[in-house]
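Novice: Attaching a single structure in structure tokens format; questions to follow.
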Amino acid sequence: MALWRAYQRALAAHPWKVQLLTAGSLMGLGDVISQQLVERRGLQGHQTGRTWTMVFLGCGFVGPVVGGWYKVLDRLIPGTTKLDALKKMLWDQGAFAPCFLGCFLPLVGTLNGLSARDNWAKLQRLWPAVQLANFYLVPLHYRLAIVQCVAIIWNSYLSWKTHQR
1 MALWRAYQRA LAAHPWKVQL LTAGSLMGLG DVISQQLVER RGLQGHQTGR TWTMVFLGCG
61 FVGPVVGGWY KVLDRLIPGT TKLDALKKML WDQGAFAPCF LGCFLPLVGT LNGLSARDNW
121 AKLQRLWPAV QLANFYLVPL HYRLAIVQCV AIIWNSYLSW KTHQR
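End of the sequence shown = 165 in this note's numbering, gap-free, step of one.
Here's what the structure looks like:
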């Protein structure tokens with residue numbers, strides 16, 4: 001609980017910086033999980049550069065873009081009712097997600113050889129449900145962290161899929 005309280009204090013004092021660092025850290029964690037638990041590379045076989053690539057993608061692209069989108073979306077659709085959450089999810093998945101993925105997947109593909117086509121079906125099943133719950137249950141300043149926690153699993157999958165031989 002002390003760690004959670006420290007995180008909340010840091011988030012209150014420096015919301016943007018903490019959200020970007022959270023996004024980068026959790027994307028890096030997803031890659032570590034992929035390499036260690038899924039691929040079973042061991043510490044000797046761990047590709048540190050690959051993990052840092054995911055960290056930098058989180059801090060420099062995912063965090064700013066998604067965090068900024070959540071702020072815009074909350075201004076467009078203020079409120080926390082079930083209907084508001086549904087509207088936000090529809091905007092998120094109908095307007096933002098295709099644009100974001102149109103940038104993110106080619107970027108990851110360029111860096112790691114990832115095929116967008118391989119992951120599209122999974123994206124369509126996972127993220128609408130996550131975002132509906134996120135917009136209904138989670139305050140704005142925690143949304144990016146929540147999505148990044150779910151994304152640990154997703155990033156582990158992406159990292160594993162990207163680096164399969």
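By construction, the Cβ of each residue, glycine as well, lies at the ideal position given by its N, Cα and C atoms.
For V138, collect the residues of the same chain with a Cβ closer than 6 angstroms to its Cβ; drop the 5 residues on either side in sequence, then sort them by chain order.
Specialist: Position 138 of the sequence shown holds residue 138. Same-chain partners within the cutoff: I146.
Novice: CB-CB under 6 angstroms to L20, same chain, minus the five flanking residues each way: which ones, in chain order?
Specialist: Against the sequence shown, residue 20 aligns to sequence position 20. Only C59 and G63 meet the Cβ criterion.
Novice: Do C149 and L26 have their beta-carbon atoms positioned less than 8 angstroms apart in this structure?
Specialist: For the purposes of this step, residue 26 is taken as residue 26 along the sequence shown, with counting starting at 1. For the purposes of this step, residue 149 is taken as residue 149 along the sequence shown, with counting starting at 1. Yes. Within cutoff.
Novice: Can you have a look at R50 and say buried or exposed, based on whether 16 or more other CB atoms are within 10 angstroms of its CB?
Specialist: Within the sequence shown, numbered from 1, the residue matching residue 50 stands at position 50. Buried, because 16 or more other Cβ atoms sit within 10 Å of the Cβ of R50.
Novice: Could you check how far apart the C-beta atoms of V18 and A6 are, in whole angstroms? I think they sit under 8 angstroms.
Specialist: As a working mapping, residue 18 is identified with position 18 in the sequence shown. As a working mapping, residue 6 is identified with position 6 in the sequence shown. Rounded, the Cβ-Cβ distance is 11 angstroms, inconsistent with contact.
Novice: Look at the Cβ atom of L183, then the Cβ atom of T22, and state whether they are nearer than 8 angstroms.
Specialist: Outside the displayed range of the chain (1 to 165) lies residue 183, so it cannot be described from this structure.
Novice: From L57, N134, W16 and D31, pick the residue whose C-alpha is nearest to that of L90; which is it?
Specialist: Numbered from its first residue, the sequence shown carries residue 90 at position 90. Measuring from the Cα of L90, the nearest candidate turns out to be N134.
Novice: Spatial neighbours of I152 within its chain, please: CB distance less than 6 angstroms, with the 5 preceding and 5 following residues excluded, ordered by chain position.
Specialist: Translated into positions along the sequence shown, residue 152 becomes position 152. The answer, listed in chain order, is L26, L29 and G30.
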